[in-house]
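Engineer: Here's a structure for you.
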Amino acid sequence: MMLVLTTRPMIDTTAVHVDIPAEFVRLRQDPQTTYIRLGPLTMQETTELACQRLGGATLPTEAAQLIWQQSEGHPFFSQEIVYTMRETGMVEVKHRQVRLVDTVQRFNDLGFSSTIQGVINSRIDRLPPGPRLALKVASVIGRTFSLNLLKNIFPVANDRAALADYLALLIDLDIVTELPETLGTYRFEHIITQEVSYQLLPFAQRQRLHRAVAEWLEQTYVFDLASYYPLLAYHWERTLGDNLDHTVALSTINYMEKAGEKSLQEGSYREAIGYFKQAMAFAERMRALAVAESDLLPSYLSDVRRARWLVRVADAHHGLGQSASTRQCCHEALTLLGESFPAERPRLMSGLTQLSTEHAWRMMRPAAVRQIEPEDERQTIDKAHAYNLLTQIYFLSNQPFEAAYAALSGFRLVVQLKPTAELSELYAMMYGVLKRLRLSRVAESYTEQAQAIANELNHQPALAFSLLMAALFKFGDAPWSEIQSLVNRSIKVSDDIGDKRRLGDGLSALGYVLLFRGEYIQGIGNGLRLYESGVSSDNVEHQ
Numbered sequence: 005m006m007l008v009l010t011t012r013p014m015i016d017t018t019a020v021h022v023d024i025p026a027e028f029v030r031l032r033q034d035p036q037t038t039y040i041r042l043g044p045l046t047m048q049e050t051t052e053l054a055c056q057r058l059g060g061a062t063l064p065t066e067a068a069q070l071i072w073q074q075s076e077g078h079p080f081f082s083q084e085i086v087y088t089m090r091e092t093g094m095v096e097v098k099h100r101q102v103r104l105v106d107t108v109q110r111f112n113d114l115g116f117s118s119t120i121q122g123v124i125n126s127r128i129d130r131l132p133p134g135p136r137l138a139l140k141v142a143s144v145i146g147r148t149f150s151l152n153l154l155k156n157i158f159p160v161a162n163d164r165a166a167l168a169d170y171l172a173l174l175i176d177l178d179i180v181t182e183l184p185e186t187l188g189t190y191r192f193e194h195i196i197t198q199e200v201s202y203q204l205l206p207f208a209q210r211q212r213l214h215r216a217v218a219e220w221l222e223q224t225y226v227f228d229l230a231s232y233y234p235l236l237a238y239h240w241e242r243t244l245g246d247n248l249d250h251t252v253a254l255s256t257i258n259y260m261e262k263a264g265e266k267s268l269q270e271g272s273y274r275e276a277i278g279y280f281k282q283a284m285a286f287a288e289r290m291r292a293l294a295v296a297e298s299d300l301l302p303s304y305l306s307d308v309r310r311a312r313w314l315v316r317v318a319d320a321h322h323g324l325g326q327s328a329s330t331r332q333c334c335h336e337a338l339t340l341l342g343e344s345f346p347a348e349r350p351r352l353m354s355g356l357t358q359l360s361t362e363h364a365w366r367m368m369r370p371a372a373v374r375q376i377e378p379e380d381e382r383q384t385i386d387k388a389h390a391y392n393l394l395t396q397i398y399f400l401s402n403q404p405f406e407a408a409y410a411a412l413s414g415f416r417l418v419v420q421l422k423p424t425a426e427l428s429e430l431y432a433m434m435y436g437v438l439k440r441l442r443l444s445r446v447a448e449s450y451t452e453q454a455q456a457i458a459n460e461l462n463h464q465p466a467l468a469f470s471l472l473m474a475a476l477f478k479f480g481d482a483p484w485s486e487i488q489s490l491v492n493r494s495i496k497v498s499d500d501i502g503d504k505r506r507l508g509d510g511l512s513a514l515g516y517v518l519l520f521r522g523e524y525i526q527g528i529g530n531g532l533r534l535y536e537s538g539v540s541s542d543n544v545e546h547q
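Put into structure tokens, the structure is as follows:
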């Protein structure tokens, strides 16, 4: 299969001030990539493009020079100039021969714009009122839009029946095209046309239309709303004006958060980071508005909500194998939630001693499950999840004291709640901590508890994790066949549920098992699968 990717020009340099996406750099460096940088069209190529758009075989030299000089070889600009010449009657086509009707001087006298946006603007201005408004309203929906949605939000009720005719005219003028694969769906021929059309609408009218689109999506796709979370966040955000509207702001933030959660569950980690960071930036804007209006800060703009997003961003960074970013986000979240993680070794060891004593006492005298408010419980789980991630990061970084402190801190928070996935995973990590401290006999009960809680909750990601931790911390203490069995079970669970991060971790562990068992051929196959998994999930650790 050949894949063709197109981008706008990017400066190919390693200069610090140039922000080139990492994906672009990796693609350029891939030996299988053929990179073609397109330059401006020559005059001959511009002439061929003009003839193609006009349906002619030849083009007068004077017209060709005008198009080429004005567009400077830009294909889309050339095309828009050609359409402008056709629509203003400067050229006509007979028997596939293009004839210049007016002089070039008259064309210049018309005040022809020197920019693409100006040319498109003039084309839109020449449209009849109905099609012109239809184009502007469609631009609010997006580059692709449906006739059904356009009818529902079109502000002139008496013109709704004529919208199909308006779109037919826009198709004839090569402004939009109808998509053959989806009945009643249209697309702007070029995104610049959509952007120019959008900017021609007054801000207040754009707000009303964005709100109408959002409400229509909510009503139409009530049973499949998850597919539209990003789109709903986009339209609700653009419904806001200069003043703080809590209803609109809350809808925007909720959909941004839901889009991030959905991406995280699907293993689209970079998209998840984008949505949560978008939510944080939006919340900061709303906080500034609330302060400016001397308004009370609502709960949806609280530090607790921001901390929750930071924990999710940490999860996504962990999925990408970005340990430093994971650690940073976890510490930021815990600080917002009122938790402190000692940076100095004396304070760390003192805190660890206290936590260990409390933990030993708690294990001997288990407390009853406490009943707390749902929001407080959620906040507690967020803290525990951040500590759980830190436990894993510190353990893999060979920082056992920091790992033990994080594990015991998380354990302290969730052990008195009803069983959760966080509790299962912290039991699994505590198993590793105790094994590292050579308390193997005590440790066994922790791995058993971890798997028991995961099974009780039917939480497959926690089960995959507890099985994998049980295997890893048995290295050197148990038969390789037993360890491989645990790893294979973890891999199967992760594969079944599509958990890319834990699948990669399992395959990585299996690689070591196969190496130590001398099964080199199988190990090579496993290594290739691990690499493919890492590329698929964009996880640098697994690659």
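For the record, in the sequence shown the residue sitting at position 471 is 475 according to the numbering used here, with numbers rising by one throughout.
C-beta: ideal position from N, C-alpha, C; glycine also.
Given the structure is predicted, the values throughout are model-derived calculations rather than measurements.
Would you kindly report the start and end of the unbroken beta strand (DSSP E) that includes VAL95?
Structural biologist: Walking along the sequence shown from the start, residue 95 turns up at place 91. Taken as a continuous stretch (DSSP letters only), the beta strand (DSSP E) holding VAL95 covers 95-98.
Engineer: Does the distance from the C-beta atom of SER512 to that of LEU534 stay below 7 Å?
Structural biologist: One-based indexing of the sequence shown puts residue 512 at position 508. One-based indexing of the sequence shown puts residue 534 at position 530. Closer than 7 Å, so yes.
Engineer: What's the C-alpha gap between THR451 and ARG210?
Structural biologist: In the sequence shown, counting from the first residue as 1, residue 451 sits at position 447. In the sequence shown, counting from the first residue as 1, residue 210 sits at position 206. Looking at the two C-alpha atoms, the distance is approximately 57 Å.
Engineer: In the DSSP assignment, find the unbroken alpha helix (DSSP H) run with TYR190 in it and report its ends.
Structural biologist: As a first step, residue 190 must be located in the sequence shown, where it is residue number 186. Careful: TYR190 lies outside any alpha helix (DSSP H), inside the beta strand (DSSP E) at 189-192.
Engineer: Since I believe LYS140 is in contact with LEU205 (beta carbons under 8 Å), could you give me their beta-carbon distance rounded to a whole number of angstroms?
Structural biologist: Walking along the sequence shown from the start, residue 205 turns up at place 201. Walking along the sequence shown from the start, residue 140 turns up at place 136. LEU205 to LYS140, Cβ: 5 Å. Contact.
Engineer: Give the straight-line distance between the Cα atoms of TRP365 and VAL419, rounded to the nearest whole angstrom.
Structural biologist: Reading the sequence shown from its first residue, position 361 is the one you call residue 365. Reading the sequence shown from its first residue, position 415 is the one you call residue 419. C-alpha separation (whole angstroms): 13 Å.
Engineer: Rank GLY414, GLN547, GLN403, ALA253 by C-alpha distance to the C-alpha of LEU441 and give the top, closest one.
Structural biologist: On the sequence shown, residue 441 is found 437 positions in, with the first residue counted as 1. That would be GLN403, whose Cα lies nearest to the Cα of LEU441.
Engineer: Could you tell me which whole alpha helix (DSSP H) segments of length 4 or greater appear in the stretch 464-494?
Structural biologist: 464-476
Engineer: To the nearest angstrom, report how far apart VAL105 and SER75 are at their CA atoms.
Structural biologist: The count along the sequence shown starts at 1 and reaches residue 105 at position 101. The count along the sequence shown starts at 1 and reaches residue 75 at position 71. Taking the straight line joining both Cα atoms gives about 21 Å.
Engineer: What residue range does the beta strand (DSSP E) around THR65 cover?
Structural biologist: Position 61 of the sequence shown holds residue 65. Looking at the DSSP string, THR65 is not in any beta strand (DSSP E); the run it does join, the alpha helix (DSSP H), is 65-75.
Engineer: Pick helix, strand or coil for ILE420, following the three-state DSSP scheme.
Structural biologist: Taking the sequence shown and counting its residues from 1, the one referred to as residue 420 is at position 416. Per the sequence presented here, residue 420 reads as Gln, with Ile not at that position. Reduced to three states, the DSSP call for GLN420 is coil.
Engineer: With a 10 Å radius around its C-beta and 16 neighbouring C-beta atoms as the bar for buried, classify TYR39 as buried or exposed.
Structural biologist: Walking along the sequence shown from the start, residue 39 turns up at place 35. With fewer than 16 other Cβ atoms within 10 Å, it is exposed.
Engineer: Per the contact definition of three or more C-beta pairs closer than 8 Å, is the stretch 259-278 in contact with the stretch 535-547?
Structural biologist: yes
Engineer: According to DSSP, is LEU461 part of a helix, a strand, or is it coil?
Structural biologist: Reading the sequence shown from its first residue, position 457 is the one you call residue 461. Looking at LEU461 - three-state DSSP - the assignment turns out to be helix.
Engineer: Rounded to the nearest angstrom, how far is the Cβ of ALA311 from that of LEU341, given a contact under 8 Å?
Structural biologist: Counted from its first residue, the sequence shown places residue 311 at position 307. Counted from its first residue, the sequence shown places residue 341 at position 337. Confirmed, about 5 Å.
Engineer: Where do the ends of the beta strand (DSSP E) carrying PHE149 lie?
Structural biologist: By 1-based counting over the sequence shown, the position of residue 149 is 145. Unbroken beta strand (DSSP E) run through PHE149: 148-150.
Engineer: Note the first and the last residue of the continuous alpha helix (DSSP H) segment covering GLN56.
Structural biologist: Taking the first residue of the sequence shown as 1, we reach residue 56 at position 52. Here the alpha helix (DSSP H) through GLN56 covers 47-58.
Engineer: Is the Cβ-Cβ distance between PHE81 and ARG147 less than 7 Å?
Structural biologist: Within the sequence shown, numbered from 1, the residue matching residue 81 stands at position 77. Within the sequence shown, numbered from 1, the residue matching residue 147 stands at position 143. Not in contact: PHE81 and ARG147 (Cβ atoms no closer than 7 Å).
Engineer: Pairing CB atoms from the stretch 387-395 with CB atoms from the stretch 405-416, are three or more of them under 8 Å?
Structural biologist: yes
Engineer: Check the Cβ-Cβ distances between ARG215 and every residue of chain B, and say whether any is below 7 Å.
Structural biologist: Absence of chain B from the displayed structure is noted, only one protein chain being present.
Engineer: Decide if PRO135 is buried, meaning its Cβ has at least 16 other Cβ atoms within 10 Å, or exposed.
Structural biologist: Numbered from 1 along the sequence shown, position 131 holds the residue referred to as residue 135. So PRO135 counts as buried.
Engineer: From ASP246 to ALA216, what distance separates their C-alpha atoms?
Structural biologist: Translated into the one-based positions of the sequence shown, residue 246 becomes position 242. Translated into the one-based positions of the sequence shown, residue 216 becomes position 212. If you take the alpha carbons of ASP246 and ALA216, they lie about 19 Å apart.
Engineer: Who are the Cβ neighbours of VAL446 in its own chain at under 6 Å, not counting the five residues just before and after it?
Structural biologist: Locating residue 446 in the sequence shown gives position 442, where the first residue counts as 1. For VAL446, where only same-chain residues beyond five positions count, the Cβ hits under 6 Å are LEU438.
Engineer: Determine the closest residue to GLU52 out of GLY43, LEU244, ARG41, VAL102, with distance taken between C-alpha atoms.
Structural biologist: Locating residue 52 in the sequence shown gives position 48, counting from the first residue. Ranking the options by Cα distance to GLU52, first place goes to VAL102.
Engineer: How would you call THR18, buried or exposed, if buried means at least 16 neighbouring beta carbons within 10 angstroms?
Structural biologist: Taking the first residue of the sequence shown as position 1, residue 18 is located at position 14. Any answer about THR18 is weak, because its pLDDT of 45 lies below 50 and its placement is not dependable; what the coordinates show is given next. Counting Cβ neighbours within 10 Å, THR18 comes out exposed, since fewer than 16 surround it.
Engineer: Below 6 Å CB to CB, which residues in the same chain sit around LEU514 once its five sequence neighbours on both sides are set aside?
Structural biologist: What you label residue 514 is simply residue 510 of the sequence shown in a count that begins at 1. Here LEU514 has VAL491, ASN530 as same chain residues with Cβ atoms under 6 Å from its own Cβ, once five neighbours each way along the sequence are excluded.
Engineer: Within its chain, find whatever has a CB closer than 8 Å to the CB of GLU297; leave out the 5 residues flanking it on each side and keep chain order.
Structural biologist: Working through the sequence shown from its first residue, we reach residue 297 at position 293. The answer, listed in chain order, is ASN247, LEU248.
Engineer: Alpha carbons only, please: which of ALA263, ARG242, LYS422, PHE207 is nearest the one belonging to ALA230?
Structural biologist: The residue labelled residue 230 in the question sits at position 226 within the sequence shown. Nearest of ALA263, ARG242, LYS422, PHE207 to ALA230, Cα basis: ALA263.
Engineer: Indicate the three-state DSSP secondary structure (helix, strand or coil) for LEU305 in the structure shown.
Structural biologist: In the sequence shown, the residue the question calls residue 305 occupies position 301. Reduced to three states, the DSSP call for LEU305 is helix.
Engineer: Whole-angstrom Cβ separation of LEU213 and VAL160, contact assumed at under 8 Å?
Structural biologist: Numbered from 1 along the sequence shown, position 209 holds the residue referred to as residue 213. Numbered from 1 along the sequence shown, position 156 holds the residue referred to as residue 160. That pair is no contact at about 12 Å.
Engineer: Counting only the same chain and skipping the five closest in sequence on each side, list residues whose C-beta sits under 7 Å from that of ASP163.
Structural biologist: Locating residue 163 in the sequence shown gives position 159, where the first residue counts as 1. Correct list, in chain order: GLY134.
Engineer: Counting Cβ pairs, one atom from each stretch, are 3 or more of them under 8 Å apart for the stretch 166-179 and the stretch 221-241?
Structural biologist: no
Engineer: Leaving out the 5 sequence neighbours to the left and right, which residues in its chain are closer than 7 Å to TYR259 when beta-carbon positions are compared?
Structural biologist: The sequence position of residue 259 within the sequence shown is 255, counting from 1. Same-chain partners within the cutoff: TYR233, LEU236, ALA237, TRP240.
Engineer: What span of residues does the beta strand (DSSP E) with LEU104 cover, start to end?
Structural biologist: Indexing the sequence shown from 1 puts residue 104 at position 100. Per DSSP, LEU104 belongs to the beta strand (DSSP E) from 101-104.
Engineer: Which residue wins for smallest C-alpha separation from ILE85, given the options ARG100, ALA68, VAL97, HIS99?
Structural biologist: Position 81 of the sequence shown, counted from the first residue, corresponds to residue 85. Looking from the CA of ILE85, the closest CA among ARG100, ALA68, VAL97, HIS99 belongs to ALA68.
Engineer: Given a threshold of 16 other Cβ atoms within 10 Å of its Cβ, counted over all protein chains shown, does ASP500 qualify as buried or as exposed?
Structural biologist: Position 496 of the sequence shown, counted from the start, is the residue given in the question as residue 500. Classification for ASP500: exposed.
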